[in-house]
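Note that the sequence shown covers residues 1 to 408 in full-length UniProt numbering.
Everything on this sheet refers to the single structure shown next.
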Amino acid sequence: MLPTWLTEEYIQGHLRAYCQDEQLRVLQLWAKPATEKGGNYVGVMTRLYVDYEDGSGALQKKSYILKQACPADASQSKLFQEYDVYNREMDMYELVMPKMAALLREIGFTEKLTAEAVVVDRERTIMILEDLATLRYVNADRVQQLDWAHTKMTIELLARFHAAALVLNQRYPELLRNNYSSHFFSRGKKGYEEIFTGLFKAFLRYVNTQPSLKERYSEKLEHIAAHLMEYAARSVDVGDKDFQTLIHGDCWTTNVMYQYDDEGSPVTVIPIDFQFSTWTSPVVDLLYLFSTSLRAEVRAKETELVQLHYYALKKNLEKFSYQGVVPSLHEYQLQFERRRFMTVIIANLFQPIMVYAGTEEPEFLNLYQSTPAGVRFQDSMYACEKVKRIVANILPRMPRASWILSEV
């Protein structure tokens, strides 16, 4: 069901402006959901189908993606309003990404950077974007996760993004001055504190069912639980000596899309969904990607991946003739290590949701609340053999991560 304001006349006016064609005439408009239930908690995604006649008289059949804020009565609505994710993403699509794309063209990168915004309607808190599926962009399998080829391509994408953002901030400092400081772990905000606390309780409940894990880690995890959000916030904190830029903020398999050649190999990649783009250290994007989206054999090459990003970032900055201090590789790796606590949070709390393939109801509240339905969903996440392996691999790193953060 389309919103009452979303009429053929509304679409026609915006398409005329976008296509620079005042003779364009919309003939038909219809829609269907663009995601399955549980596929997107931040908003409502609808695929719009538009038949129109352009100024030359040619019939065009196009599809677009309508992104709307959560309904006011949705359980997560206040949460996302608190973090102002909708205004931030509208700013990213309308103001930031087009300028970043123009900057990248200056250094010879001519591929698409992200979906173009056809409509940014701040009064209604909606956007209408290109439908990337029509350009043969698709998501990789979130359960199977990324192999080396996908990972390398994604890290190179992040290096371009981070470099362009640094130069953008030098040329247009006012553009990134507002609305890019809050993140999942922001102090003074309560929404994600409730979510992460609930997720951590579910994680600890699982650990306590495994005798070998309980003996080694339960006491440490109880200590972390009392300081969870502070430790997490420190992992995103930056000081004067830290290398800083605008990051994607939520870079995992669902928020990047790939084109493939005839043999099924990825050839291009673009980012989407910028609700949590934040000004912080670029290694935060790496830690998030590594903790959510990489196959075990790729994650094992973590040091090599950090180096890959560092040299790609440095190469792009050199092409820009960037005037600013770039850390040494050793300093960059230290910034990465100091934030390793993110892997405890993301890998153990978020990744079980991200790779979930069970049958329990994926309602938002079930992710973290201790209702009977919530406990069933949470326990089913940790029943997955893949998630059990993730936990077993991550937990041995926890004491080191906690120790580093305690020294910050």
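C-beta atoms are modelled at their ideal positions from N, C-alpha and C, and glycine is treated no differently.
Please list, in chain order, all residues of the same chain as residue i whose beta carbon is under 7 Å from its beta carbon, the five residues on each side excluded.
i    : result
L228 : F196, T197 and F200
I390 : A347 and Q351
L395 : L213 and Y217
K386 : V355
R47  : A31, K32, A34, S63, I65 and D131
E111 : T268
A225 : F200 and L204
R295 : Q145, L146 and D147
T134 : S63
R142 : T253, T254, M354 and V355
E302 : F290
Can you list, in chain order, the residues of its chain whose CB lies under 6 Å from that of residue i, leaving out five sequence neighbours each side?
i    : result
K61  : D51
A101 : L113
R397 : none
W403 : Since pLDDT at W403 reaches only 49, below the 50 mark, its modelled position is unreliable, and the value read off the structure follows with that caveat. For W403, where only same-chain residues beyond five positions count, there are no Cβ hits under 6 Å.
Y310 : L329 and Y332
V85  : Q275
Q259 : R136, Y137, V267 and T268
Y172 : none
L2   : A31
E121 : In the sequence as displayed, the identity of residue 121 is Asp instead of Glu. Closer than 6 Å at the Cβ level, and outside the excluded window around D121, lies no residue.
Q12  : V26
E22  : R16
M342 : S235 and L287
A69  : G43, Y86 and T125
N366 : A373, G374 and F377
Could you round the C-beta distance between residue i and residue j to whole angstroms and report it? I think they count as a contact, below 8 Å.
i           : j    : result
H162        : T245 : 5 Å
residue 421 : A165 : Residue 421 lies beyond the range of the chain shown here (1 to 408); nothing can be said about it.
A117        : Y93  : 4 Å
K67         : M127 : 5 Å
D54         : L24  : 5 Å
Y382        : Y206 : 4 Å
A232        : I345 : 5 Å
Between which residues of its own chain and residue i is the CB-CB distance below 8 Å, once the five residues before and five after are set aside?
i           : result
V408        : Residue placement at V408 is flagged as unreliable, the pLDDT there being 44, under the threshold of 50; a coordinate-derived value is accordingly withheld.
V306        : V283, L286, Y332, Q333 and F336
A17         : none
A149        : S265 and P266
K190        : E82
T7          : L29
residue 457 : Since the displayed the chain opens at 1 and closes at 408, residue 457 lies outside it and no answer follows.
I107        : N316, K319 and F320
R88         : N179, Y180, F274, Q275, F276 and S277
S384        : Per the sequence presented here, residue 384 reads as Cys, with Ser not at that position. Closer than 8 Å at the Cβ level, and outside the excluded window around C384, lie P352, V355, Y356, A357 and G358.
On the DSSP bridge assignment, give the partners of residue i in chain order.
i    : result
G43  : A69
R299 : In the DSSP output, where bridge partners are listed per residue, R299 has none listed.
W5   : DSSP lists no partner for W5.
K315 : For K315, which the question treats as bridged, DSSP gives no partner whatsoever.
P372 : Note: P372 sits in no beta bridge, so no partner.
V26  : Y52
L294 : L146
P33  : T46
Closer than 6 Å: is that where the CB of residue i sits relative to any heavy atom of the ligand NAP?
i    : result
Q144 : Ligands in the displayed structure: none, and consequently the ligand NAP is not present.
Under 7 Å, Cβ to Cβ, is there at least one residue of chain C near residue i?
i    : result
I224 : Of the protein chains in the structure, only one exists, and it is not chain C.
Counting only runs that start and end within the segment 210-292, where is the alpha helix (DSSP H) found for 4 or more residues in a row? 211-226 and 228-234
Ranges of the beta strand (DSSP E) found wholly within the segment 46-114, counting only runs of at least 3: 59-69
Continuous alpha helix (DSSP H) assignments of at least 4 residues falling wholly in the segment 116-196: 148-171
Segments of 4+ residues assigned as alpha helix (DSSP H) that fall wholly inside the segment 321-369: 329-338, 341-345 and 351-354
Given 8 Å, three or more beta-carbon pairs between the segment 141-159 and the segment 288-300: yes
Using a Cβ distance threshold of 8 Å, determine whether the segment 303-319 contacts the segment 362-373, with at least three qualifying pairs required. no
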